[in-house]
Amino acid sequence: MSPILHVRSIRSTPVSVPMARPLGTSAQTIRHAPLLLIDLDTTEGVTGRAYLFCYLPAVPAAVARILDAAFEVIADDRVAPLEIGATLARHFRLIGVRGIVAMALAGIDVACWDALAIAAGVPLAVFLGSAPKSIRAYNSNGLGLIEASAAADEAEELLASGFDAIKMRLGRPTLEADLAAIRAVRRRVPDEIKIMADFNQALTLAEARRRCRAIDGEGLYWIEEPIRHDDYSGCAELVRELNTPIQIGENFAGPQAMAAAIAARAADFIPEASAHVLAATSTAHWLEFVDWAAPILAAPLQIVDGCGRIGDTPGTGVVWNDEAVARYRLT
Ligand SMILES: [Mg+2]
């Protein structure tokens, strides 16, 4: 039976967490992860949690303001994520559910699902109808826009914890530098290791045609976001031209964007964030694993034999390490 809960309060805590390996993308280098931690308290005493990766230091506070405004709309409402999502989408219709508004609503959505699964006493994956299972994951930490031999060294380190897939960032000043890094990493790691690559939207369509053709024969497992994430016709052109699969989707602002991208045949693969949702998804592919929130979590996702392992903890398993939260809290 589905538990009946009601929204009592939404608390948000901005933190800045040092990253074990900086994330150097074509957009910028991030050394501290700006996160917003969300606690959704219910009248029935259950708390659902979620955290948002906010990219830039100014963003957590802005999302927190939107969360406060959203709470005014859904105070005392039943914790029913679909209803709450629809109510909030109506409320924010004039500004649109994009950017920080979409982030805030996503945080509330995940916290609602977490609360319901905790109240039911089962992991979220089980609440969604799956078994608690292991999800194949690739190590997406590190491998920023560094020099070729440093990239090869780091690739080796990233595989040490049992992964059999890693992702490198591309979008260096020249194609030749990207190519050198790909070849250095490929030469260093065993043949069976999968190497994904992510341009983080660095290229114009013309430059993407040139660079992606040049790296098409390098054995990459996928090429992610070579151009603007929402240029679906451009992405579709690359899908048609290349043998290497194209991956997009981490920047979709909701299911409508995903539907439009699928209709445009803009990608071969589309990513998802959560091990629990992947466990309950029949088309699940790879979990992107990053450890950026690990310092503030009481029990970060365990990786065993290259898979994210969903344990028995009810909900998503996200519980704060209070001492670390106090240490990294932004004021
Ligand atoms: Mg990406």
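For the sequence shown, position 218 matches number 207 in the working numbering, and the numbering has no gaps at all. We treat Cβ as the ideally placed atom computed from N, Cα and C, and that holds for glycine.
Using a Cβ distance threshold of 8 angstroms, Ala225 and Ala255 count as a contacting pair. In the three-state reduction of the DSSP assignment, Pro179 falls in the coil class. Selection around ligand 1 by beta-carbon proximity, strictly under 7 angstroms to any non-hydrogen atom, yields Asp187, Asn189, Glu213, Glu214 and Glu239 in chain order.
For the pair of segments examined, the region 271 to 283 was found to touch the region 6 to 17: the number of CB pairs separated by less than 8 angstroms reaches three. Its Cα nearest to that of Thr305, the residue Trp102 stands out among Leu209, Thr32, Arg177 and Trp102.
Note that the C-beta distance between Val52 and Ile89 is below 8 angstroms.
Around the beta carbon of Gln291, fewer than 16 other beta carbons sit within 10 angstroms, so the residue counts as exposed. DSSP, reduced to helix, strand and coil, places Ser123 within a strand of the structure shown. Note that the region 97 to 116 touches the region 32 to 45; at least 3 beta-carbon pairs, one per stretch, sit closer than 8 angstroms. Residues of the same chain with a CB within less than 6 angstroms of the CB of Ser(-2), apart from the 5 flanking positions on each side, are Asp30 in chain order. Note on Ser1: 16 or more other CB atoms within 10 angstroms of its CB, so buried under the neighbour-count rule. For Glu33, there is no enclosing alpha helix (DSSP H), as DSSP marks it with neither H nor E. When secondary structure is reduced to three states using DSSP, Val307 falls in the coil class, being assigned neither helix nor strand. In the DSSP assignment, Val4 forms a beta bridge with Leu24 and Arg318. For the pair Glu213 and Phe241, the CB atoms are not nearer than the 8 angstroms cut-off.
When DSSP states are grouped into helix, strand and coil, Glu277 belongs to the strand group.
By the neighbour-count definition (other C-beta atoms within 10 Å, threshold 16), Leu267 is a buried residue. DSSP, read as helix, strand or coil, puts Leu41 in strand. Scanning Val86, Val174, Ala100 and Gln190 for the CA closest to the CA of Leu41 turns up Ala100.
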